[in-house]
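Numbering (my numbering), first residue to last: 62 to 654. Glycine residues also receive a C-beta, built at the ideal position from the N, C-alpha and C atoms.
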């Protein structure tokens, strides 16, 4: 027999007639709602919040951000966190509190971007050092990943010294500072150089404070130019000029040095204001002149290499740092200075004779022509260039008073302007011949002691004025052409190529007009001077005397005019058979000139 239990009294009517939770009073319900609301965080859209991982699936990560519902984020956004586990906290971006499905929408990718830019801006504002990862090389620099944002590191901002190979930094971590942000282009510029400069500042200042002339330092070649190299002395740069690299002559620093090479240098000069340091390397070695052999004296023969050619001469290096000047006048016995490049060029190996030597001033003059005998000292010279001998030479120089003719190297002669032609009055040798042309001459005078040789060209022919004296007798008439005029005289071309002169007033023609340049008329000889080689003529006299012959009071023309005009001309020309050869000879010579 079973026992029956007695239950307390319960009002089932009340339970059936009221809803769930209706048993609370209004005050109790408000209190409970407040307690529930306090368990939820205040979440705003478009902001970054901290979420806790509460679930992990193959495709999604479930996060609790303290909201009324959990959020789902694709697992692909957590690839950088392979060890992610439940309970870990991560930053996420609230895109939407509730989508159409009532789901909280979160994004870790956007949270990372927003947080990264905030960190970058903070690094710029507070001058912070951040660590980046060099992803790849680009034009002009490197791409560095900082907080998943690609920043540009210019090549000039990698190091204080020029970087020639950017690839060595790819795939490595590097500390940088943010120097510029451009939000419009999402562009960030960073620098690694500023970190190095800051580290070197104390070292640089210490070097500058202790710097002294004559101090020997070790440095690294960081840059190379045509005029020298820049050396890094440990944060301070100094210039090693090309002339201070070696005692010998070099055309470019690369002949002896190379980039990144460690060298010892001495401080030559220092400008504290401009922070300029002049360095030297050759000064660490003894000067080559101090080791020059004592056997080298004036008159010694030396061998070397031509290292420079200037307008005035060439420099011969007989050993590194020891050079001598070969003046252009010491290159050839020729008295006419030429361009040194006609004799020598850089790199030539030549022998020379020491002319002067000053070991104290470290100067030496050399000569090449001294290796051969002076042509004026040859014993056969007197016979070879005896007075009256004929030679051919090259015109080397023209002057107002004549020209210099080189008969052979070192042997020059002067042809005076008056010795160029018997018949033409030559004002300047350039009217007769040009430099570089060949001319035949005869020796007029030889002075070996004073190295003088007088030459003549017209003396190759007989003096035609001896014959002209019987041709152009006063009173004779000749057909002539007016070549030119000046204020007083007209220059005429007479037969046989010689020149005559006529006063301007004697150019009046019978019709009253005046003869002009280019006209060919009859002219009567008024005056003949063999010594001065001068013939004066007149055209007016040819027709004036004819008019006088027609006057009644004058004697018949056969008595006077023919005697003074035609008879002398016929008599003179009748004797000109001997001049035919002379004329041909002179005409042929004029064509040759």
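Extent of the continuous beta strand (DSSP E) run through residue i
| i | result |
| --- | --- |
| residue 515 | 513–517 |
| residue 199 | 190–199 |
| residue 562 | 560–564 |
| residue 501 | 499–508 |
| residue 587 | 581–590 |
| residue 530 | Counting along the chain, residue 530 falls outside any beta strand (DSSP E), though it belongs to the alpha helix (DSSP H) covering 526–532. |
| residue 337 | 337–341 |
| residue 453 | 451–459 |
| residue 25 | No answer is possible for residue 25: the residues shown for the chain start at 62 and end at 654. |
| residue 427 | 424–428 |
| residue 347 | Premise fails: residue 347 is in no beta strand (DSSP E) and is neither H nor E. |
| residue 124 | 121–125 |
| residue 283 | 277–286 |
| residue 463 | 463–469 |
| residue 110 | 109–117 |
| residue 493 | Looking at the DSSP string, residue 493 is not in any beta strand (DSSP E), and its letter there is neither H nor E. |
| residue 323 | 323–332 |
| residue 319 | Here residue 319 belongs to no beta strand (DSSP E), and DSSP marks it neither H nor E. |
| residue 299 | 298–302 |
| residue 544 | 538–546 |
Contact check, residue i vs residue j, beta carbons under 8 Å
| i | j | result |
| --- | --- | --- |
| residue 283 | residue 223 | yes |
| residue 287 | residue 313 | yes |
| residue 550 | residue 563 | yes |
| residue 293 | residue 281 | yes |
| residue 584 | residue 541 | yes |
| residue 131 | residue 114 | no |
| residue 657 | residue 444 | The question about residue 657 has no answer here: the residues shown for the chain are numbered 62 through 654. |
| residue 440 | residue 469 | no |
| residue 504 | residue 415 | no |
| residue 391 | residue 429 | yes |
| residue 586 | residue 529 | no |
| residue 690 | residue 327 | Outside the displayed span of the chain (62 to 654) sits residue 690, for which this structure offers no information. |
| residue 379 | residue 389 | no |
| residue 235 | residue 297 | no |
| residue 134 | residue 121 | yes |
Cα-Cα separation, residue i to residue j
| i | j | result |
| --- | --- | --- |
| residue 499 | residue 452 | 10 Å |
| residue 3 | residue 456 | What the structure shows of the chain is the stretch from 62 to 654, and residue 3 is not part of that stretch, so it cannot be assessed. |
| residue 232 | residue 204 | 10 Å |
| residue 166 | residue 123 | 11 Å |
| residue 149 | residue 227 | 39 Å |
| residue 385 | residue 273 | 34 Å |
| residue 145 | residue 209 | 19 Å |
| residue 275 | residue 266 | 19 Å |
| residue 599 | residue 479 | 27 Å |
| residue 613 | residue 581 | In this predicted model, residue 613 has a pLDDT of only 45, less than 50, meaning its place in the structure is not dependable; the value taken from the coordinates is given anyway. Going from the Cα of residue 613 to the Cα of residue 581 covers about 31 Å. |
| residue 174 | residue 138 | 12 Å |
| residue 369 | residue 321 | 30 Å |
| residue 655 | residue 490 | Since the first residue shown for the chain is 62 and the last is 654, residue 655 is missing from the structure and cannot be characterised. |
| residue 220 | residue 230 | 11 Å |
| residue 558 | residue 471 | 37 Å |
| residue 101 | residue 248 | For residue 101, the pLDDT reaches just 49, beneath the cut-off of 50, and the residue's location in the model is therefore unreliable, although a value from the coordinates is still provided. One C-alpha to the other measures close to 39 Å. |
| residue 417 | residue 308 | 21 Å |
| residue 387 | residue 202 | 53 Å |
| residue 606 | residue 513 | 55 Å |
| residue 290 | residue 324 | 11 Å |
| residue 525 | residue 577 | 29 Å |
Endpoints, alpha helix (DSSP H) assigned at residue i
| i | result |
| --- | --- |
| residue 186 | 169–186 |
| residue 444 | 442–445 |
Problem set entry | Whole beta strand (DSSP E) elements within the region 356–406, 3-residue minimum | List check, beta strand (DSSP E) in window: 362–370, 374–380, 383–388.
For this session: Taking 8 Å as the threshold, find out whether the region 395–413 comes into contact with the region 331–347 through three or more Cβ pairs.
Result: A contact is defined here as three or more CB-CB pairs under 8 Å, and the region 395–413 fails this definition with respect to the region 331–347.
Problem set entry | 3-residue-minimum beta strand (DSSP E) runs that sit fully inside the region 197–239, ordered along the chain | Assignment of beta strand (DSSP E) within the region 197–239, counting only whole runs of 3 or more residues, yields 202–207, 210–215 in chain order.
Exercise. Would you call the region 393–403 and the region 365–383 touching, i.e. three or more CB-CB distances under 8 Å?
Worked result: Counting Cβ pairs under 8 Å, three or more are found: they touch.
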